[in-house]
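Here the structure comes first, spelled out in structure tokens, and everything after it is commentary.
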Amino acid sequence: MPGAGVSIRVVKPGLFTSVQDRGRFGYAHLGISPCGAADAVSLRIANLLVGNDEYAAALEMTLLGATVEFDEPTLVAISGANCECKVGSNQIAPNCPVEIPAGSMLECGSTTDGARCYLAVQGALDVPAVMGSASTDSRGRFGGYQGRRLQAGDILSVRHVNQPRIRPLRTGALKEEMRSRGAIRVTSGAQRDWFRNETFANFLANSYAVSEQSDRAGLRLKGDMVSARETRQLLTDGIPLGAIQVPQDGQPIILFVDQQTTGGYPKIANVIAADMHRIGQLRPRDEVRFAEVSIPEAIEALRAQERWLKVIWQD
Amino acid sequence: MKIVVASDSSILVEFGDRIDPEIQDHVLGLFHALRALDDPRIRNLHPGYVSLLVDFDPLALSPQDVQALIESLRSNRAPAARDGSAIVAIPVCYDLEFGPDLADVSAYTGLSAEEVVRLHSSATYRVCFLGFTGGFAYLAGMPEVLHTPRLATPRRAVVAGSVGIAGGQTGIYPTETPGGWRLIGRTPVEMFNPLAQPPTRVQSGDIVRFDPINRVEFEQLCRERA
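Residue numbers (the numbering used here), protein chains in the order written: chain A, 42 to 356; chain E, -12 to 213.
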């Protein structure tokens, strides 16, 4: 039936699957978080593979993927953490445009080397934009699909495209960049001077374990205590994406995409924009270390990442 | 004014170190001036009690660019924080069913429950800024005698519209969330609607008053909203 469009039925929702795009900007002054893909680099790659706008709405799956059924032949791509995906007994390769036959089910298993993978569908998911974004705001309960993570039985529609294009990647292009295991790069936080130099040096020398109580709003870290030398209360101020705040218990928290927009704990450091996607791939119990870079180095890393994102495609 | 580079994509502009209406005027003055530019390179503005966090696209602007932009705005015009600020009356039912912690506040402050309600609803409050979650207003102006510490163990879910006290702060939960504030009442009006324009009932700089209503009026307003 031409023009009717494709729809996707959720058979099993996985652990935490939600619709995400670039995120919602321009509303922080109303208390609204950016949300958006936790690993925006993988979201962009998945979308470009199927010819979508790079930041189009796609499914973000966490630790355990979803099983979804397609009613029409549909071109999809999966990027991000490695995850065994199958249609019947056929394995689906990641980072590659794949056509799913009508009436078949795509089963995504557990992620093995990261926390999140992205399922982009040619034409993009068709959910209403709220404040300019299709991203799910789980705390505020709006955006995405009915403002919540997906449940079994949900049916999502897909936008119709007239001239499908695909964009394959160069073989092996993702390996070196996406598998970097080094320290997460940070710059000084807004309250860096609330901490002694020695405390900051220890913060960089230590390693931290990602706690089980971590989610898209914040990653709680466990490790040696970090104490501010200032004992006064911080007057609640704005929180940048990727800020590392230190509550009284001395256990740092990385504030992430679903973060509260303001808070009252001092921020010792901030993850650089170029490493934000790596935060989205941290799993509970992963070990993390931080390395300090300057602002010009942080910007150069981001520019290098953008250059890399342009040269990974077959032409 | 002090500028701190907060990340590779944001700067924090600080105007002082205490909660003070004049400092707040500077924060909101700069907030409104930057909003008026409608510059797509500036992604988000987060006003706080004494500061404004400016979040920008790091591929389009450097922290120095944003600093220069802010300095040019400040030399070009005086802060006009009160532009469009309104007085907003929020009806609140202080019945015990909606205020399960009213008795605690009364015991802690040594005031009768009636006196707590009278004091809470006769003060005027200034919306310093919205933050934490969509539509949550940080209000200044609660009478000091009402200061009560938050609950030792937060509730797993607080009903939307609940009005609470935490230390020297009072506020309304715009959506159902976990929360540790002492609940003293509930408003039937919607504080946050993501599909409305604007999505929040109050804006930074507004003056808020709580109008006590009885249970019948509460039900009536709930029906009108539905």
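Backbone N, C-alpha and C define an ideal beta-carbon position, used for all residues, glycine too.
Everything numeric in this text was worked out from a predicted model, so none of it was measured.
Measure the alpha-carbon distance for residue i versus residue j and round it to whole angstroms.
i	j	result
Val103(E)	Ala139(E)	21 Å
Ala20(E)	Ala69(A)	16 Å
Gly44(A)	Thr212(A)	Model confidence at Gly44(A) stands at a pLDDT of 48, short of 50, so the residue's coordinates are unreliable; what they give is reported in the following sentence. The straight-line gap from Cα to Cα measures roughly 35 Å.
Leu83(E)	Arg50(A)	45 Å
Met42(A)	Asp112(A)	With a pLDDT of only 43 at Met42(A), under 50, the local geometry of the prediction cannot be trusted, and the value read off the model is given with reservation. Rounded to whole angstroms, Met42(A) to Asp112(A) spans 11 Å at the Cα level.
His107(E)	Asp52(E)	45 Å
Arg190(A)	Trp235(A)	38 Å
Gln61(A)	Asp167(A)	11 Å
Gly264(A)	Asn247(A)	8 Å
Ser74(A)	Ile295(A)	15 Å
Phe18(E)	Ala87(A)	37 Å
Ser130(A)	Cys158(A)	20 Å
Leu32(E)	Ala143(A)	46 Å
Leu343(A)	Phe331(A)	17 Å
Thr187(E)	Leu89(A)	36 Å
Arg212(E)	Gly128(E)	29 Å
Thr157(E)	Glu9(E)	21 Å
Thr302(A)	Thr174(E)	24 Å
Arg61(E)	Ala156(A)	45 Å
Arg65(A)	Gly97(E)	46 Å
Ser93(E)	Leu170(E)	12 Å
Asn243(A)	Arg206(A)	50 Å
Report, in whole angstroms, the separation of the C-beta atoms of residue i and residue j, which I expect to be a contact under 8 Å.
i	j	result
Glu101(A)	Arg85(A)	Their Cβ separation, rounded to whole angstroms, is 13 Å, which puts Glu101(A) and Arg85(A) out of contact at 8 Å.
Ile119(A)	Ile141(A)	Not confirmed; about 11 Å, so no contact.
Ala107(A)	Pro54(A)	5 Å
Gly122(E)	Val150(E)	Incorrect: roughly 14 Å between the Cβ atoms, too far for contact.
Ile(-10)(E)	Pro78(E)	So it is not a contact: roughly 42 Å between Cβ atoms.
Thr228(A)	Ile353(A)	In fact, because the Cβ distance is near 27 Å, the residues do not count as touching under 8 Å.
Ile152(E)	Leu276(A)	The Cβ separation is near 19 Å, so there is no contact.
Pro185(E)	Thr120(E)	Wrong, their Cβ atoms sit about 16 Å apart, outside the cutoff.
Leu15(E)	Pro34(E)	6 Å
Pro130(E)	Ala110(E)	6 Å
Arg202(E)	Cys80(E)	6 Å
Pro165(E)	Arg143(E)	5 Å
Ala122(A)	Val298(A)	Between Val298(A) and Ala122(A) the Cβ distance is about 16 Å, and since that is not below 8 Å, they are no contact.
Could you please give me the residues that DSSP links to residue i through a beta bridge?
i	result
Lys127(A)	Gln132(A), Glu148(A)
Asn31(E)	Asp42(E)
Phe331(A)	Ile225(A)
Glu84(E)	Partner(s): none; Glu84(E) has no beta bridge.
Gly311(A)	Here residue 311(A) turns out to be Asn, not Gly, going by the sequence shown. Answer by DSSP bridge pairing, in chain order: Thr228(A), Ala284(A).
Thr157(E)	Leu126(E), Ile152(E)
Phe183(A)	Asp178(A)
Phe111(A)	Ile49(A)
If the criterion is Cβ atoms closer than 8 Å, does the pair residue i and residue j meet it?
i	j	result
Leu245(A)	Ser252(A)	no
Tyr306(A)	Pro288(A)	yes
Pro45(E)	Ile285(A)	no
Val162(A)	Gly46(A)	no
Val128(A)	Ser145(A)	yes
Ser(-3)(E)	Leu40(E)	yes
Val267(A)	Leu182(E)	no
Ser191(E)	Leu117(E)	yes
Thr177(A)	Gly185(A)	yes
Leu147(A)	Thr103(A)	no
Gln355(A)	Leu210(A)	yes
Ala214(A)	Ala98(A)	no
Ser59(A)	His318(A)	no
Lys308(A)	Ala231(A)	yes
Leu160(A)	Pro138(A)	no
Ser72(E)	Asp193(E)	yes
Val37(E)	Asp12(E)	no
Just to confirm, does residue i get its C-beta within under 7 Å of one of the non-hydrogen atoms of the ligand ADP?
i	result
Pro78(E)	This structure lacks the ligand ADP; in fact it carries no ligand of any kind.
Notebook entry, point to check: Going along the segment 284 to 303 of chain A in order, which residues come within less than 8 Å of chain E, judged by CB to CB distance?
Noted result: Ala284, Gln301, Thr302, Thr303
Checklist line | Contact set between the segment 41 to 59 of chain E and chain A, restricted to residues whose Cβ is under 8 Å from the partner | finding: Asp42, Pro45, Leu46, Ser49, Pro50
Check: For the segment 73 to 98 of chain A, which residues have a CB atom closer than 9 Å to at least one CB atom of chain E, in sequence order?
Finding: Ile73, Ser74, Pro75
Notebook entry, point to check: If you measure beta-carbon to beta-carbon, which residues of the segment 122 to 142 of chain E are closer than 8 Å to chain A?
Noted result: Gly122, Phe123, Tyr125
Next item on the list: With 7 Å as the C-beta to C-beta threshold (strictly closer), list the residues of the segment 150 to 172 of chain A near chain E in chain order.
Entry: Val171, Met172
Margin query: Taking beta-carbon pairs under 7 Å, can you tell me which members of the segment 6 to 18 of chain E lie near chain A?
Written below: Ile6, Phe18
Notebook entry, point to check: Which residues, in order along the segment 336 to 347 of chain A, keep a beta-carbon less than 8 Å from a beta-carbon of chain E?
Noted result: Ile336, Ala339, Ile340, Leu343, Arg344, Glu347
Checklist line | Members of the segment 223 to 254 of chain A near chain E, C-beta cut-off 8 Å | finding: Thr228, Ser229, Gly230, Ala231
Next item on the list: Determine which residues of the segment 25 to 37 of chain E have a Cβ less than 8 Å from any Cβ of chain A, and write them out in chain order.
Entry: Arg30, Asn31, Leu32, His33, Pro34, Gly35, Tyr36, Val37
Notebook entry, point to check: Between the segment 85 to 118 of chain E and chain A, which residues of the former have a C-beta closer than 8 Å to a C-beta of the latter?
Noted result: Phe116, Leu117, Gly118
Item checked: Near-chain A residues of the segment 141 to 169 of chain E (beta-carbon distance less than 9 Å), N- to C-terminal order -> Pro161, Thr162, Glu163, Thr164
Next item on the list: Below 8 Å between beta carbons is the criterion; list the residues of the segment 46 to 73 of chain A that meet it against any residue of chain E, in chain order.
Entry: Phe66, Gly67, Tyr68, Ala69, His70, Leu71, Gly72, Ile73
Note to self: So if I threshold CB-CB distances at 7 Å, which residues from the segment 309 to 327 of chain A count as touching chain E?
What the structure shows: Asn311, Ile313, Ala314
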